[in-house]
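Working notes for the structure below.
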């Protein structure tokens, strides 16, 4: 009988599995989990490993000198990096339009007229006018001035205000007209130009200014000019209010930013692809170049910068020179990022297309032997490095009740998604693909414009709810939960994430449904896409139907919805898919550490 | 180009004891005992007429109605605001002290808690009040407004504490123990600026 402990140093956690091994039989004594110290594969890991081993020993009530051997994993030399780049931008020239959608515009309907400053409106301008009001005007004074002008016979058709008082002004007008407010750069609205202001009733969107022929009717445009204003109409779609000013050369353009060319060098051939063609084109190109040897970006372009950024991160982590780092896999994901429109008068925001790239690098400088030496030193026992991580994970996964060989494991980590297949004869194939939890966090962060990694992480990990009063909240599936103690004031009326330490607010104007959609889409585009991609690479003949059991492991297998999404995605292939339960007690954790012990027992058995 | 300046004065006309509102679309503004009485301006000389007009404007801009009450038996902002919240049909109130300190309260909260507190009266100028009114109205509508940014000035305490204490004592003297809150109507009078 021997007392051995398997230790798995992962990217974020270090896990230990203490067991009694004798004649091929393994008796589990205790497991432990702690944070990884330092970057995975560096000597600093020893501290975390020792802590984990001590914790497991303590839990089992065994002293360190009884320990026969410490088994460490061969850390997968895979590190991943991320970059994101916007590939479209919207530009407004000559202040052609205002489409910022203020929360409370005034009046309803459409008004067409020539723009006039409020200071000049009492001079009795001819024809229909749209009044422009600079900041600093009180709502009572604006209303009084406009009413006086109307009494003098001015044909008032609409107003554009700098402050947030459109409802106040319209409530005080004798002749109700549509009013758009909160136009920050109101001084840039060109005066003396024909313009149109439209406000829709609450809960509706504008119908005329968002329609190209509506614009043509309002401004009397010919077919050629109508073609030119079509982008304006498109930019205003879905708004409750809008202003369009007709200037001689004003325009709204939707420009594609040249991002550069990505060169994918495969073993057989090299494929080039324009990044602004989008994620689908990039992934197609990647499929043609497989297996990938390296990826490079055109120097001096955005994509060149993106990949250089990834390489720099790798250099920092591994200490390997950038020229020696080869990118072995790339995952491209299309995303929409809210960005402020250039040339806008009121801080308009447009959803721009962006591409996120996750890249994975293989290094050959794992220094696990150094870790093993230090661990052996500290604990006064012998330590050995051994076992391919993928094979060990599969062995550990086999302790899940209801699983038999051949088994495929899917390790959903932070940086990469790893798949391994252990067949009936014990042969193992392992595959790593770029993109996992970190990329999901980044997508959520960018699409919700949170600009805060921690909040994005919260949104990713926890279900949402809306706090409807101090005593009840509505979960994202619509069920209502009452609470005994009043909820804290800072979450009142907010969309919150329900983490372990109580509800915490999500700082965004988006509603619960929109946040939920962003979260689920991000997970689908990364985990589902990557799971299928990785499993196809390990499955016999690349056929998913040839797989029987798929066991999900890793931190993201603990996610509240990813396992269900993957099970749904794999169901059509007749695969049994579920979250692992190592030893029937440990959940998706501890698979590699347990696998190390199992492998040791098998090798010791005759 | 700036707006023509007019000064407005404010008189409060009592129209009977304040009752609990039933409309879910109302915000109650609860005033301290000396508001628009022996005082007519805040600590930084914002006229009380302007404070109320801007609060009401912020509420109206959101399409919510407002009711104004005056509390007579306490000069404690939390107590005034919480009483207002309990009388408010939506459960939301804005409490204001004569010197300008302001709070947004909700009836289910503990009295000494609040939704938003603007504690440093010397930093509250006229443009802040419509934002406070607007946020109160949006809470009443069940929306999730971003809290109005509260300003903070380390020196405000030392510079203004003596004046604030005097104003508080003066306000304290006008307390009438046992007198319930009164509902008031507002009479704004225009007088051209001097």
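Residue numbers (the working numbering), protein chains in the order written: chain B, 2 to 607; chain D, 171 to 364.
C-beta: ideal position from N, C-alpha, C; glycine also.
Since the structure is predicted, the reported quantities are computational estimates derived from the model, not experimental observations.
Inset, instruction - Can you tell me which of the three DSSP states residue 87 of chain B falls into? - result: Position 86 of the first chain, counting from 1, holds the residue named residue 87 of chain B. Here residue 87 of chain B sits in strand by DSSP.
Inset, instruction - Within the region 520-588 of chain B, note down every full beta strand (DSSP E) run reaching 3 residues or more, in order along the chain. - result: 550-554 and 577-580
Inset, instruction - Pick helix, strand or coil for residue 242 of chain D, following the three-state DSSP scheme. - result: By one-based count along the second chain, residue 242 of chain D stands at place 72. In this structure, residue 242 of chain D counts as coil in the three-state DSSP scheme.
Legend entry - Assigned secondary structure, residue 117 of chain B (DSSP; H/G/I helix, E/B strand, else coil): For this step, residue 117 of chain B is matched to residue 116 along the first chain. Strand at residue 117 of chain B.
Legend entry - 7 Å Cβ cut-off: residues of chain B touching residue 279 of chain D: The residue labelled residue 279 of chain D in the question sits at position 109 within the second chain. 471, 487 and 490, listed in chain order.
Inset, instruction - With DSSP as the reference, label residue 314 of chain B as helix, strand or coil. - result: As a first step, residue 314 of chain B must be located in the first chain, where it is residue number 313. Three-state DSSP puts residue 314 of chain B in a helix.
Legend entry - Three or more C-beta pairs below 8 Å linking the region 198-216 of chain B and the region 240-248 of chain B: yes
Legend entry - Inter-stretch contact at 8 Å, needing at least 3 Cβ pairs: the region 306-323 of chain B / the region 349-363 of chain B: yes
Inset, instruction - State yes or no: is the beta carbon of residue 171 of chain D nearer than 8 Å to at least one beta carbon in chain B? - result: Within the second chain, numbered from 1, the residue matching residue 171 of chain D stands at position 1. Residue confidence is low: residue 171 of chain D scores 38 on pLDDT, short of 50, so the model does not pin down where it sits. Its coordinate-derived value is still stated next. Taking Cβ atoms only, chain B reaches closer than 8 Å to residue 171 of chain D, which makes this a yes.
Inset, instruction - Assign residue 174 of chain D to one of three DSSP states: helix, strand, or coil. - result: As a first step, residue 174 of chain D must be located in the second chain, where it is residue number 4. In this predicted model, residue 174 of chain D has a pLDDT of only 45, less than 50, meaning its place in the structure is not dependable; the value taken from the coordinates is given anyway. Three-state DSSP puts residue 174 of chain D in coil, outside helix and strand.
Inset, instruction - For residue 197 of chain D, collect the residues of the same chain with a Cβ closer than 7 Å to its Cβ; drop the 5 residues on either side in sequence, then sort them by chain order. - result: Counted from its first residue, the second chain places residue 197 of chain D at position 27. Excluding sequence neighbours, residue 197 of chain D sits near 229, 234, 236, 258, 260, 262, 263, 264, 306, 307 and 310.
Legend entry - residue 313 of chain D at chain B interface by Cβ criterion, 8 Å: In the second chain, counting from the first residue as 1, residue 313 of chain D sits at position 143. It does; some Cβ of chain B falls within 8 Å.
Legend entry - Chain-ordered residues of the region 268-294 of chain D with a beta carbon less than 8 Å from chain B: 276, 278, 279, 280, 283, 284 and 285
Legend entry - Min CB distance residue 169 of chain B to chain D below 8 Å: Residue mapping note: residue 169 of chain B aligns to position 168 of the first chain, counting from 1. Cβ-Cβ to chain D under 8 Å: yes for residue 169 of chain B.
Inset, instruction - List the DSSP bridge partners of residue 339 of chain B. - result: Working through the first chain from its first residue, we reach residue 339 of chain B at position 338. BP columns for residue 339 of chain B point to B/352.
Legend entry - Straight-line Cα distance separating residue 462 of chain B from residue 552 of chain B: Walking along the first chain from the start, residue 552 of chain B turns up at place 551. Walking along the first chain from the start, residue 462 of chain B turns up at place 461. When rounded, the distance between both Cα atoms is 20 Å.
Inset, instruction - Give the residues of chain B in contact with residue 233 of chain D, contact being defined as C-beta atoms less than 8 Å apart. - result: Locating residue 233 of chain D in the second chain gives position 63, counting from the first residue. Under the 8 Å cutoff, chain B gives 105 and 168.
Legend entry - Exposure label - residue 49 of chain B; buried when at least 16 CB within 10 Å: Walking along the first chain from the start, residue 49 of chain B turns up at place 48. Label assigned to residue 49 of chain B: buried.
Inset, instruction - Could you please give the first and the last residue of the uninterrupted beta strand (DSSP E) stretch that includes residue 327 of chain D? - result: Reading the second chain from its first residue, position 157 is the one you call residue 327 of chain D. From DSSP, residue 327 of chain D is part of no beta strand (DSSP E) but of the alpha helix (DSSP H) over 324-343.
Legend entry - Beta-carbon neighbours of residue 452 of chain B, restricted to chain D and to distances below 7 Å: Reading the first chain from its first residue, position 451 is the one you call residue 452 of chain B. Those do not exist, as residue 452 of chain B stays about 14 Å from chain D at its closest Cβ, beyond 7 Å.
Legend entry - Alpha carbon of residue 484 of chain B to alpha carbon of residue 503 of chain B, nearest angstrom: Here residue 484 of chain B is taken as the residue at index 483 of the first chain, counted from 1. Here residue 503 of chain B is taken as the residue at index 502 of the first chain, counted from 1. Each residue's alpha carbon lies about 12 Å from the other.
Legend entry - Same chain only: Cβ atoms within 6 Å of residue 347 of chain D, ignoring 5 sequence neighbours per side: On the second chain, residue 347 of chain D is found 177 positions in, with the first residue counted as 1. For residue 347 of chain D, where only same-chain residues beyond five positions count, the Cβ hits under 6 Å are 243.
Legend entry - Close beta carbons around residue 178 of chain B, own chain, < 7 Å, minus the five adjacent residues each side: Reading the first chain from its first residue, position 177 is the one you call residue 178 of chain B. Contacts found: 108, 112, 157, 158, 159 and 160.
Inset, instruction - Could you tell me whether the Cβ atoms of residue 115 of chain B and residue 131 of chain B are closer together than 8 Å? - result: The residue labelled residue 115 of chain B in the question sits at position 114 within the first chain. The residue labelled residue 131 of chain B in the question sits at position 130 within the first chain. Their beta carbons are under 8 Å apart, which means residue 115 of chain B touches residue 131 of chain B by this criterion.
Inset, instruction - Would you identify the three-state DSSP class for residue 208 of chain B, choosing helix, strand or coil? - result: The residue given as residue 208 of chain B occupies position 207 in the first chain. Three-state result, residue 208 of chain B: coil.
Inset, instruction - Tell me whether residue 222 of chain B sits in a helix, a strand or coil according to DSSP, three-state version. - result: If you number the first chain from 1, residue 222 of chain B lands on position 221. Three-state DSSP puts residue 222 of chain B in coil, outside helix and strand.
Legend entry - residue 372 of chain B (DSSP reduced to helix, strand or coil): Residue numbering aside, residue 372 of chain B sits at position 371 when the first chain is read from its first letter. DSSP places residue 372 of chain B in helix when its eight states are reduced to three.
Inset, instruction - Could you tell me the distance, in whole angstroms, from the CA atom of residue 281 of chain D to the CA atom of residue 187 of chain D? - result: As a working mapping, residue 281 of chain D is identified with position 111 in the second chain. As a working mapping, residue 187 of chain D is identified with position 17 in the second chain. So the alpha carbons of these two residues sit roughly 22 Å apart.
Inset, instruction - Select from B/230, B/10 and B/2 the residue whose C-alpha is nearest the C-alpha of residue 370 of chain B. - result: In the first chain, the residue the question calls residue 370 of chain B occupies position 369. If we check each option's Cα against that of residue 370 of chain B, B/10 comes out closest.
Inset, instruction - Assign residue 388 of chain B to one of three DSSP states: helix, strand, or coil. - result: Numbered from 1 along the first chain, position 387 holds the residue referred to as residue 388 of chain B. In the structure shown, residue 388 of chain B sits in a strand (DSSP, three-state: E or B).
Inset, instruction - Would you verify that the beta carbon of residue 593 of chain B is, or is not, closer than 8 Å to some beta carbon of chain D? - result: One-based indexing of the first chain puts residue 593 of chain B at position 592. Output row for residue 593 of chain B: interface = no.
Inset, instruction - With a 10 Å radius around its C-beta and 16 neighbouring C-beta atoms as the bar for buried, classify residue 482 of chain B as buried or exposed. - result: Translated into the one-based positions of the first chain, residue 482 of chain B becomes position 481. That one is exposed.
Legend entry - Spatial neighbours of residue 346 of chain B in its chain, beta-carbon cut-off 6 Å, leaving aside the 5 residues before and after: By one-based count along the first chain, residue 346 of chain B stands at place 345. Contacts found: 96, 99, 184, 186 and 189.
Legend entry - DSSP beta-bridge partners of residue 302 of chain B: In the first chain, counting from the first residue as 1, residue 302 of chain B sits at position 301. BP columns for residue 302 of chain B are empty, so no partner.
Legend entry - Segments assigned beta strand (DSSP E), at least 3 residues, entirely inside the region 197-245 of chain D: 235-240
Legend entry - Inter-stretch contact at 8 Å, needing at least 3 Cβ pairs: the region 585-597 of chain B / the region 443-459 of chain B: no
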